[in-house]
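A quick write-up on the structure given underneath.
In my numbering, the protein residues as written are 35 to 246.
Next up, the structure:
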């Protein structure tokens, strides 16, 4: 006869699965009950982030965010934050501490990739031309070329429509002109006919002179 200490006789209160805990059809793979590829790593990243956040002060996040803001946006970013000081300083704080201090500093995406995402989102939202101006400048700051930016805006037209893509491209044209990145394409036949170049008043970009 087995005794309560006999290893062959499990303690019913602790060893035998209850009816509720036994696998039933459709429950074995219920989300959250088993690891799927990548979920363990994701939970680890979130857990580390939460612990890190708990140990940080408001000022720590603000300082880190301001450093990232300067790196990505430059002087234009500080001007936006300064413009909020007399009306909504808390909004300015959250832009710096949360958006740039917590999100932009995450290692999972490079800064140039984050700017591509940002340009697509601002284009899709519509009515965000001032923010597009800031972030197209930021995209140039983090290494995106004018050609890549234009291609991103063209791609966005597939999903959010031509009018929004046109508005975003108009902002890009303005920013590129300010940086001297806007070249005028030659008209067909100009080079073959030896049409001389001339500069528009107040412009540094040459164009082909036409008749008259």
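For glycine and all other residues, C-beta sits at the position ideal for the given N, C-alpha and C.
On the CB-based measure, 16 or more other CB atoms within 10 Å of its CB, does residue i come out buried or exposed?
i	result
residue 247	The first residue shown for the chain is 35 and the last is 246, placing residue 247 beyond what the model contains.
residue 200	exposed
residue 177	exposed
residue 196	exposed
residue 206	buried
residue 190	buried
residue 183	buried
residue 203	buried
residue 138	buried
Reducing DSSP to helix, strand and coil, say where residue i ends up.
i	result
residue 142	coil
residue 194	helix
residue 189	helix
residue 90	coil
residue 211	helix
residue 257	Residue 257 is absent from the structure shown; the chain starts at 35 and stops at 246.
residue 98	helix
residue 217	coil
residue 56	Annotation note: pLDDT 48 at residue 56 (below 50); position unreliable, no value reported.
So, are the CB atoms of residue i and residue j less than 8 Å apart?
i	j	result
residue 130	residue 168	no
residue 186	residue 150	yes
residue 111	residue 120	no
residue 170	residue 159	no
residue 98	residue 135	yes
Could you pull out every unbroken alpha helix (DSSP H) segment of at least 4 residues lying fully inside the segment 100-183, listed in chain order?
109-117, 123-128, 145-159, 163-175
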